[in-house]
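Residue numbers for the sequence shown, in the numbering used here: 829 to 1321. Quick reminder that beta carbons are idealized off the backbone N, C-alpha and C, glycines included. Scroll down for the structure; my scribbles are underneath it.
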Amino acid sequence: MSARAASATQVRLRTGGNKFAAYDAIVIGSGPNGFSSAITLARRGHSVLVVEGQDTIGGGLRTRELTLPGFRHDVCATVLAMTTLSPFMRSVDWGEYGVEWAVPHYPLAHPLDGGRAAVQTTNVAGTVNRLGQDGAGWERMLGPLDAHTPALMEDLLGPLPFPPKHPMLMAQFGVRAAFSAQLTARTLFRSEEARALFLGHAAHSILPLTKPFTSAVGSLLAASAHCTGWPVARGGSQKLGDAMARCFTDLGGEIVTGWQVEHIDELPRAKAYLFDTSPYALARIAASRLPAAFCDRLNAYRFGPGAFKLDLALSDPIPWAAEECRSAGTVHVCGGPDEIVASEAAAWSQAPTEKPFVLVVQPTVFDPSRAPEGKHTCWAYCHVPNNATIDMAEPILAQIERFAPGFRDTILATHTISPGAFQGYNPNYVGGDIIGGVQDLGQMFTRPVARWNPYTTPARDLYICSASTPPGAGIHGMCGYFAAQAALRQILR
Ligand SMILES: Cc1cc2nc3c(=O)[nH]c(=O)nc-3n(C[C@H](O)[C@H](O)[C@H](O)COP(=O)(O)OP(=O)(O)OC[C@H]3O[C@@H](n4cnc5c(N)ncnc54)[C@H](O)[C@@H]3O)c2cc1C
829 MSARAASATQ
839 VRLRTGGNKF
849 AAYDAIVIGS
859 GPNGFSSAIT
869 LARRGHSVLV
879 VEGQDTIGGG
889 LRTRELTLPG
899 FRHDVCATVL
909 AMTTLSPFMR
919 SVDWGEYGVE
929 WAVPHYPLAH
939 PLDGGRAAVQ
949 TTNVAGTVNR
959 LGQDGAGWER
969 MLGPLDAHTP
979 ALMEDLLGPL
989 PFPPKHPMLM
999 AQFGVRAAFS
1009 AQLTARTLFR
1019 SEEARALFLG
1029 HAAHSILPLT
1039 KPFTSAVGSL
1049 LAASAHCTGW
1059 PVARGGSQKL
1069 GDAMARCFTD
1079 LGGEIVTGWQ
1089 VEHIDELPRA
1099 KAYLFDTSPY
1109 ALARIAASRL
1119 PAAFCDRLNA
1129 YRFGPGAFKL
1139 DLALSDPIPW
1149 AAEECRSAGT
1159 VHVCGGPDEI
1169 VASEAAAWSQ
1179 APTEKPFVLV
1189 VQPTVFDPSR
1199 APEGKHTCWA
1209 YCHVPNNATI
1219 DMAEPILAQI
1229 ERFAPGFRDT
1239 ILATHTISPG
1249 AFQGYNPNYV
1259 GGDIIGGVQD
1269 LGQMFTRPVA
1279 RWNPYTTPAR
1289 DLYICSASTP
1299 PGAGIHGMCG
1309 YFAAQAALRQ
1319 ILR
């Protein structure tokens, strides 16, 4: 990290005893959205301070040796599916800041019983070829989006677009997007392989797959995999977090770590405050500056199921029975379509399933720099009810072993994060919800509350810029970018 990063005490000293500096803007939280808002403002010549509660920067981009020395695990995000599609992220040459992308041979594989696997390649034609009889359905769904995915993202990675920049494209996308993923899978595909491949994508919505609009998430993610191949940052996601910090400090920005903000009055004076936090934290920290009715609306925001995650140090690559899974970056582990639908429904009940849908990422297969020579890392998580205390380690391991016999013998060390531990680690993950709140129709474009500009609040100097605003979760920085634009229009011209 840059030499400009300082502890809270240093900032107070720098400004002389108890006197705080005045900034144009202060960003609370150093996640990708905190930094994208800070960079956007600093680029316009504003003085900006980023305040981070933890001792290191990065939010969902941190990488740590969670298990054994030399094994570097991403605590949160690894697969940067939306990063290279994001208009904000594309506005910076991250290579100049030391980021190298590593792309797996296959972005995604989905093993099925009997040694079979569904595979998504890095283009529509390749996936279509592999899906046999269901190739035509895949082509019908994703062919029209192919080559237009970056344009589509310009409309979808943000608040509801009025009018959309690409109306025809949005119309084509919208036709299928409105349906439930289960209905789309049943209508378009006949094989277990194609249905499982699509439903696995849709399960990233963390919604019951019988809900309307879950098809939108399924087709968006599938399109992004074709378009970008789902890269990772070589060496760990922290590389991108550090790059964002360096880009910001090169623009004159300042960073303070180890300062968990509890009340807005403890912060230096600024013309604008942007919160890379949960809506609950905004309501609590800025209660004295916001109308009580608005705080009530923030506190009514809904969080969904949590995640239970394992990080594993491995002696060998995962011995998947289906060969294709060995060269995939992400492996969706579950049985067929019905098992996926049941697992995601269970995450919304009080009884998680014994056979969870497990998202496995095995980055060392194509980025060996994350582990000692010849060794490997992987993470695996499943969705569970919000704040669930049930230990899902055994069901997760059993699911992987089911499709990779001998897997348990490769485990050198395990690190576990429960939903409660996720919230303790980062208060934005309320009850272990890792996507910043339920992303259903009611909260997709109107998060955190329904307002003409969802990044603003009734106080002209307060903004929210976290994944609890549109377009929601993911490493794209667009929430922060749009929040900064709102501040630039309203108060920082
Ligand atoms: C297990 C897991 C796996 C994931 N996998 C992926 C993936 O593969 N690909 C992907 O695109 N996305 C993934 N995500 C989602 C992604 O990490 C988030 O959507 C993204 O990080 C949200 O960015 P953000 O800036 O809004 O918030 P965050 O990244 O959560 O950052 C918020 C920051 O604010 C700080 N903060 C909060 N409150 C305060 C306070 N009061 N005072 C000071 N600091 C504060 C926090 O410490 C944190 O550093 C994953 C998330 C998790 C948890």
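Sixteen is the threshold: since fewer than 16 other Cβ atoms of the shown chains lie within 10 Å of the Cβ of GLN1088, the residue is exposed. Restricting attention to alpha helix (DSSP H) runs no shorter than 4 residues, the stretch 947-994 encloses them at 952-958, 963-970, 977-984, ordered along the chain. Judged by DSSP secondary structure, GLU1082 falls within the beta strand (DSSP E) whose first and last residues are 1082-1085.
By the Cβ test, the stretch 916-935 is not in contact with the stretch 1028-1048, since fewer than three Cβ pairs between them sit closer than 8 Å. In the displayed model, PRO935 falls within a strand according to three-state DSSP.
In the displayed model, TRP922 falls within a helix according to three-state DSSP.
Residues of the same chain with a CB within less than 6 Å of the CB of LEU1068, apart from the 5 flanking positions on each side, are LEU889, VAL927, ALA1061 in chain order. In the three-state reduction of the DSSP assignment, THR1297 falls in the coil class. Between ASP962 and LEU1187, the alpha-carbon positions lie close to 24 Å from each other.
For VAL907, the CB falls within less than 7 Å of some heavy atom of ligand 1. The residue among ARG1004, VAL1161, PRO1282, ALA1009 with its C-alpha nearest the C-alpha of GLU1229 is VAL1161. Rounded to the nearest angstrom, the Cβ distance from ASN1254 to GLY1134 is 12 Å, too far for a contact under 8 Å. If you draw a straight line from the Cα of SER1047 to the Cα of THR977, it is about 11 Å long.
When the Cα atoms are used, PHE1194 and MET917 turn out to be separated by approximately 23 Å. Ranked by Cα distance from VAL1169, the first of LYS1039, PRO995, GLY954 is LYS1039.
Ranked by Cα distance from ALA1301, the options ARG1074, ILE1319, ASP1268 are led by ASP1268. By the neighbour-count definition (other C-beta atoms within 10 Å, threshold 16), GLU1201 is an exposed residue. A direct Cα-to-Cα measurement between PRO1059 and ASN957 gives close to 23 Å.
In this chain, the beta strand (DSSP E) harbouring VAL1189 covers 1186-1189.
Going by C-alpha positions, PHE1122 is about 46 Å away from GLY965. Among the bridge pairs identified by DSSP, LEU1142 is matched with HIS1204, ILE1239.
Under the three-state reduction of DSSP output, ALA1006 falls in the coil class, being neither helix nor strand. Proximity to PRO1247 across PHE1185, VAL1212, GLU1021, TRP1176 peaks at VAL1212, based on C-alpha coordinates. Note on the stretch 1074-1160: whole alpha helix (DSSP H) runs with a minimum of 4 residues are 1107-1113, 1120-1127, in chain order. In this structure, PHE1273 has its CB at a distance of at least 7 Å from all heavy atoms of ligand 1.
Exclusion of the five residues before and after GLY881 leaves GLN1088 as the residues of its chain whose Cβ lies within less than 6 Å of its Cβ.
In terms of Cα proximity to ALA937, the closest of ASN1281, ASP852, VAL1189 is VAL1189. Its Cα nearest to that of TRP1148, the residue PHE1235 stands out among ARG968, ALA1071, PHE1235, ALA1053. In this structure, ligand 1 has a non-hydrogen atom nearer than 7 Å to the beta-carbon of TYR1209. Secondary structure note for ILE867: its alpha helix (DSSP H) is the uninterrupted segment 860-871.
Between the stretch 896-909 and the stretch 1265-1285, the count of Cβ pairs shorter than 8 Å is below three; the stretches do not touch. For the pair of segments examined, the stretch 1112-1121 was found not to touch the stretch 1296-1315: the number of CB pairs separated by less than 8 Å stays below three. For ARG1018 and GLN1010, the gap between their C-alpha atoms comes out near 12 Å.
Taking the CA atoms as reference points, THR1205 sits about 14 Å from ALA1156. Of ALA953, GLU982, LEU940, PRO1191, the smallest CA-CA separation from ARG968 is found for ALA953.
The continuous stretches of alpha helix (DSSP H) do not include LEU1320, and DSSP gives it neither H nor E.
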